[in-house]
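Enquirer:
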Amino acid sequence: MDTEDLDLSGEEEEITAETVLKTLQSAWQNERLAPEILPHRNDMVECMLGQIQHMERNINKLPKTDLRACIHKMELNRIKYIICNYLKTRISKIEKFCISIVNEEKQRIESGTNYLTPSEFWYAQEYLVNMENHLKNTVLNHVPGRMQTFEFNKMAIYPNMQSHIFLKANDTINGIVLEDLIGDQDEEIDLEEGSQHILQYKPIAELVKNGKVQLV
Amino acid sequence: MDPYEIEFIGENRIVSIIPNFSYDKIFLISGEFGPFRAGLPMNVPLWLAVMLKQKQKCRLVPPDWMDMDVLENIKEEEKLSRFFTKMPNEHYMVEAKLILGAASEDIPRAAEIKTIIKDIWDIRMSKLRTSMDALMKSGGSYGRLDHLTMMEINSVKPLLPQAMDELHRMKMMTRKSTPATLNTSTFSQSGSSQNI
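Here's what the structure looks like:
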């Protein structure tokens, strides 16, 4: 899949809706299976929502009982499902890893490589503030003074980057280093195009983000 | 992921149908399909095929591999090989289930085909369990799983990765605790807290 370096703003005419849908589906699949939050594909989501609106306007022109209208509606429902599920998965990760995501995202924004969309980032910060206020109101304000501070760092939950995942290689990639904990003899493996593996997420995290592997 | 989601992904596969109505090309977001000509075979995504079948607007053409001779061969090969053989189709189980479920009358020898596909699945699943067992016993944190289909991978999903995570966690613990002396302090602490 060579959709990585497509620039939506510049060459909107070039990509077909079909490609956008495929990219979105693989982004959804990766997001569902990766332990951490992945860079957002808001460009794809926005583009697809536009397509859906356009299609819905056309369907409304057809008579209700028309078979084509039925087919189009069913397809739209399938696509909407992917988009909803994708966004929901991201939201649930944001809520779960809220503190760590907000901290890391602040650094990423400085270097211009943000993973969250502006509205997701806003949501994450709001969520954090609400959580803090809630804990203060219910517990912290009622305990002795020196225990009242809300310690963000102690509350932070981090995704388990060492968890094992299944992947399929889209490209041949050589020299993935697998850490050996006991013997101190790190192992090196190659991923051939089309091959499937189970291994730790951490050494291949970057490959998921640049589309070289697909989580399955 | 939920098995229904794997099925959802599998539903994008292209299958062949023979419509009993005529229509122009239809331009879907996932591509253009048609034109529909009554009596002439054409390709559509599986979800559309099943939907049209349910509306009794088409007949399904059995995929090439959904044939007793082909499946017998696959079964034999799967039995003989130590490794997983390549399946004719990335989503053979999903396709078989949906096609045989919605249109078993369009498939010759549907009942036999259903049984043999189930046999192949069973052989592969038992192989998968044996190799998982071997992988865990060797304490590995890496495995190669060529030719396994998505549904098969998904069926071991809660178990295998989590078992490997646990194993990894234990390895981390042994590595951390070997240089230091056993943490007796925590024992005494928990002991004293019990007394209070």
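Residue numbers (the numbering used here), protein chains in the order written: chain A, 60 to 275; chain B, 1444 to 1639.
All residues carry an ideal CB built from backbone N, CA and C; glycine is no exception.
How big is the Cα-Cα spacing for F261(A) and L274(A)?
Expert: It should be noted that the sequence gives Lys, not Phe, for residue 261(A). So the two alpha carbons sit approximately 13 Å from each other.
Enquirer: I want to know whether the region 182 to 194 of chain A touches the region 226 to 242 of chain A - three or more CB-CB distances under 8 Å.
Expert: Because the criterion of three Cβ pairs below 8 Å is not met, the region 182 to 194 of chain A and the region 226 to 242 of chain A do not touch.
Enquirer: Terminal residues of the continuous alpha helix (DSSP H) containing D249(A)?
Expert: According to the DSSP assignment, D249(A) belongs to no alpha helix (DSSP H) but to the beta strand (DSSP E) extending over E246 to L250.
Enquirer: Can you name, in chain order, every residue of its own chain whose Cβ lies under 8 Å from the Cβ of D1562(B), other than the five neighbours on each side?
Expert: K1518
Enquirer: Starting from the C-beta of N219(A), find all residues in its chain whose C-beta is less than 7 Å away, skip the five residues before and the five after it, and write them out in chain order.
Expert: P94
Enquirer: Output needed in chain order: residues of the region 211 to 241 of chain A with a Cβ under 8 Å from some Cβ in chain D.
Expert: Absent here is chain D; the protein component of the structure consists of chains A and B.
Enquirer: For the pair the region 1541 to 1549 of chain B and the region 1499 to 1508 of chain B, tell me if three or more CB-CB distances fall below 8 Å.
Expert: The region 1541 to 1549 of chain B, when compared against the region 1499 to 1508 of chain B, does touch it at the 8 Å Cβ threshold.
Enquirer: Quick check on the burial criterion: 16 or more other C-beta atoms within 10 angstroms. Buried or exposed for L1523(B)?
Expert: exposed
Enquirer: For F1476(B), report the span of its alpha helix (DSSP H) as first-last.
Expert: Here F1476(B) belongs to no alpha helix (DSSP H); instead the beta strand (DSSP E) covers G1474 to F1476.
Enquirer: Mind checking if R1587(B) is an interface residue toward chain A, Cβ cutoff 7 Å exclusive?
Expert: Judged by the 7 Å Cβ criterion, R1587(B) is in contact with chain A.
Enquirer: Work out the CA separation of I224(A) and E265(A) for me, nearest whole Å.
Expert: 14 Å
Enquirer: Would you kindly work out how many angstroms separate the C-alpha atoms of P1604(B) and S222(A), rounded to a whole number?
Expert: 7 Å
Enquirer: Here's a check: name, in chain order, each residue in its chain whose Cβ is nearer than 6 Å to the Cβ of G69(A), leaving out the five neighbours to either side.
Expert: For G69(A), the pLDDT reaches just 45, beneath the cut-off of 50, and the residue's location in the model is therefore unreliable, although a value from the coordinates is still provided. Cβ within range, chain order: n/a, list empty.
Enquirer: With H, G and I counted as helix, E and B as strand and the rest as coil, what does DSSP make of V1513(B)?
Expert: The answer is helix: DSSP assigns V1513(B) an H, G or I state.
Enquirer: Assuming contact is defined by CB atoms lying nearer than 7 Å, are N1486(B) and S1459(B) in contact in what I supplied?
Expert: yes
Enquirer: Got a sec: which bits of the region 78 to 100 of chain A sit with their beta carbon under 9 Å from any beta carbon on chain B, in order along the chain?
Expert: V79, L80, K81, Q84, Q88, R91 and L92
Enquirer: Could you tell me the distance, in whole angstroms, from the CA atom of E191(A) to the CA atom of Y145(A)?
Expert: 27 Å
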